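Undergrad: Numbering (full-length UniProt numbering), first residue to last: 1 to 343. Note that CB positions come from ideal geometry on N, CA and C, so glycine has one too. All values derive from a computational prediction rather than experimental measurement. Before anything else, here's the structure in question.
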Amino acid sequence: MREHVDSQRKKKAFVFSVLLTALASAVQSFGDTPSKLVHAEMETDLVPSPAKFDVLLPPNYESIQEPLPVLIWLHGGSNGKNHIERRLRTPIESAWASGILSPVVIIAPITGNSYYVDWKDGTQKWEEFITGELLSNVRTLFNTQNNRAGTVIAGASAGGQGTLRIALRNPEIFVAAVAMEPGFEPVLRFEDVDLSRFSGDSAKRFLNPRFGKPVDAEYWAERHPPTIVVRHAKKIRDSKLKLRIEAGDEDANLTWLSAELIHRLLFDAGIRHEFYIEYGAAHTGRSLPRRLHDSFAFVERSLHPEGPDPEALRHLEGAKKNGRFKPRTPNQLDYESVYFPTE
């Protein structure tokens with residue numbers, strides 16, 4: 001990761017186009033002052049410039065003295081324009097109002113179809129931009145915490161896979177990561193990727209700039225969430241990154257397969273995580289608001305741990321005394337795969 005730009009470059013970087021959609025917003029607001037949506041842009045050499053990003057500030061932001069945590073939110077497979085307003089603002093404000101989530105500063109980079117990866121052809125370096133210049137500049141501009149304990153990354157669909165890639169490769173930056181319905185191929189080798197779903201030469205047009213022409217299988221593997229777990233399990237485990245992965249079992253994009261694969265790998269690697277497949281939930285639709293609230297609740301627990309539970313500690317001590325308890329280790333369930341015939 002390259003060093004942050006110097007102070008003069010930072011001043012130049014803050015070329016802001018600001019729209020404070022506060023009192024004029026038609027979105028539900030609450031508290032003494034409503035949340036504020038800031039549309040911003042900054043100069044950079046890492047991705048197409050100026051790089052645009054949205055910032056959602058919580059209600060009463062100006063009166064909050066303590067620095068707030070940062071939640072980086074990665075949009076799905078759209079261009080990302082107005083994503084907070086269209087998809088995220090209402091459930092976020094509901095979570096704030098109900099106490100599910102404490103005040104945080106939400107950053108949503110507008111990346112287009114970037115795939116949240118540093119492109120092999122060198123033209124776009126999204127992982128480096130998000131973890132470096134973007135995060136640094138946001139911390140300078142807003143009243144935010146400047147540490148790992150106050151930094152979370154999350155996203156859905158393409159943003160879910162981007163969340164896993166960036167968090168698993170950079171666990172020292174984030175205290176927690178939430179991947180909702182992550183969209184990546186549920187395989188461990190590039191040669192097993194099903195390219196038949198692409199029409200014409202669309203596979204080449206998508207893959208070649210990002211992963212090489214022809215595709216560099218090693219470059220791909222170092223940036224593919226499942227193989228990141230396989231190759232860097234100890235680093236991830238030792239980092240104590242708090243992970244949540246979820247999907248719906250009726251997702252037409254089959255992200256439940258991707259979520260299930262990475263869950264099994266994390267489990268066998270002895271890496272703690274929260275995993276949930278919701279019965280009857282799809283990629284879009286009515287399940288998303290409650291699933292977002294569940295994810296925000298995980299973010300809240302990650303940012304503000306509840307502390308020791310006396311009853312749970314007593315139970316643990318009893319389990320240790322009678323020999324029932326065993327610490328978590330890799331390959332803890334040593335079993336052979338069971339074959340179930342299809343009908």
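1) According to DSSP, what are the bridge partners of tyrosine 276?
2) May I ask you to list the residues that DSSP assigns as paired with residue 344?
3) Please check the pair isoleucine 130 and isoleucine 72, which I expect to be a contact at CB under 8 Å, by giving their CB distance rounded to whole angstroms.
4) Let me make sure I understand the geometry here. Which of Thr163, Ser98, Ser94 has the alpha-carbon closest to that of serine 114?
5) Can you tell me whether threonine 329 is buried or exposed, with buried defined as 16 or more other CB within 10 angstroms of its CB?
6) Using the rule of at least 16 other Cβ atoms within 10 Å of the residue's Cβ for burial, across every protein chain shown, is leucine 23 buried or exposed?
7) Check the DSSP bridge columns for lysine 52 and list the partner residues they point to.
8) Evaluate contact between the segment 148-155 and the segment 203-219, counting only Cβ atoms and requiring at least three cross-stretch pairs below 8 Å.
9) For chain C, find out if any of its Cβ atoms is closer than 8 Å to the Cβ of glutamate 311; answer yes or no.
10) Can you list, in chain order, the residues of its chain whose CB lies under 7 Å from that of valine 187, leaving out five sequence neighbours each side?
11) List the whole-angstrom C-beta distance separating glycine 103 from proline 58, where the pair is believed to meet the contact cut-off of C-beta under 8 Å.
12) Grab me the residues of phenylalanine 184's own chain with a C-beta within less than 7 Å of its C-beta, minus the 5 sequence neighbours each way, in chain order.
13) Where does valine 27 land, buried or exposed, given buried means 16+ other C-beta within 10 angstroms?
14) Is the CB-CB distance between leucine 303 and proline 34 below 8 Å?
15) Kindly indicate which three-state DSSP category threonine 21 falls into: helix, strand or coil?
16) At what residues does the beta strand (DSSP E) containing alanine 177 begin and finish?
17) Which residue marks the beginning of the alpha helix (DSSP H) containing phenylalanine 296, and which one marks its end?
18) In whole angstroms, give me the CA-to-CA distance for valine 229 and valine 175.
19) Can you list, in chain order, the residues of its chain whose CB lies under 8 Å from that of threonine 123, leaving out five sequence neighbours each side?
20) Just how far apart, CA to CA, sit arginine 324 and leucine 37?
21) If I'm right that valine 105 touches phenylalanine 298 with Cβ under 8 Å, what's the distance once you round it to whole angstroms?
22) By alpha-carbon positions, which one of Pro308, Ser239, Arg264, Arg291 ends up nearest to alanine 247?
23) Return yes when the Cβ of glycine 77 is within less than 8 Å of the Cβ of serine 157, no when it is not.
24) Quick one: using the 10 Å Cβ neighbour count with 16 as the cut-off for buried, is aspartate 327 buried or exposed?
25) Using the Cβ count rule (16 or more neighbours within 10 Å means buried), how would you classify tyrosine 339?
26) For threonine 144, which beta-bridge partners are listed by DSSP?
27) Using C-beta distances below 7 Å, list every residue in its chain close to asparagine 331, excluding the 5 sequence neighbours before and after it, in chain order.
TA: Checking against the coordinates, here is how it stands:
1) In DSSP, tyrosine 276 forms a bridge with Glu246.
2) Within the shown structure, residues of the chain are numbered from 1 to 343, placing residue 344 beyond reach of any answer.
3) Confirmed, Cβ separation roughly 7 Å.
4) Of the listed residues, the one whose Cα sits closest to serine 114 is Thr163.
5) Result: exposed.
6) Confidence is the limiting factor: at leucine 23 the pLDDT is only 29, short of 50, which leaves the residue's position unreliable, though a coordinate-based value still follows. Under this definition leucine 23 is an exposed residue.
7) Lysine 52 pairs with Glu41, Ile110.
8) At 8 Å Cβ cutoff, the stretches do not touch.
9) Within the model displayed, chain C is absent; a lone protein chain is all it includes.
10) Only Val193 meet the Cβ criterion.
11) Sequence check: residue 103 is proline here, not glycine. With 8 Å as the limit, proline 103 and proline 58 qualify as a contact, their Cβ atoms being about 4 Å apart.
12) So the list reads Gln161, His224, Pro225, Ser258, once near-sequence residues are dropped.
13) Since pLDDT at valine 27 reaches only 37, below the 50 mark, its modelled position is unreliable, and no value is offered.
14) Not a contact, by the Cβ cut-off of 8 Å.
15) Unreliable placement is indicated for threonine 21, whose pLDDT of 35 sits below 50; the coordinate value is still reported in the next sentence. Coil at threonine 21, not helix or strand.
16) Here the beta strand (DSSP E) through alanine 177 covers 176-180.
17) Where phenylalanine 296 is concerned, the enclosing alpha helix (DSSP H) stretches over 287-303.
18) Valine 229 and valine 175: Cα-Cα distance of roughly 17 Å.
19) The answer, listed in chain order, is Pro209.
20) CA-CA distance, arginine 324 to leucine 37, rounds to 52 Å.
21) Actually they do not touch by this definition, with Cβ atoms about 18 Å apart.
22) That would be Arg291, whose Cα lies nearest to the Cα of alanine 247.
23) The answer is yes: Cβ separation under 8 Å.
24) The sequence shown places proline at residue 327, rather than the aspartate named in the question. The residue in question, proline 327, is exposed, as its Cβ has fewer than 16 Cβ neighbours within 10 Å.
25) Result: exposed.
26) Paired residues: Leu68.
27) Here the set comprises Asp268.
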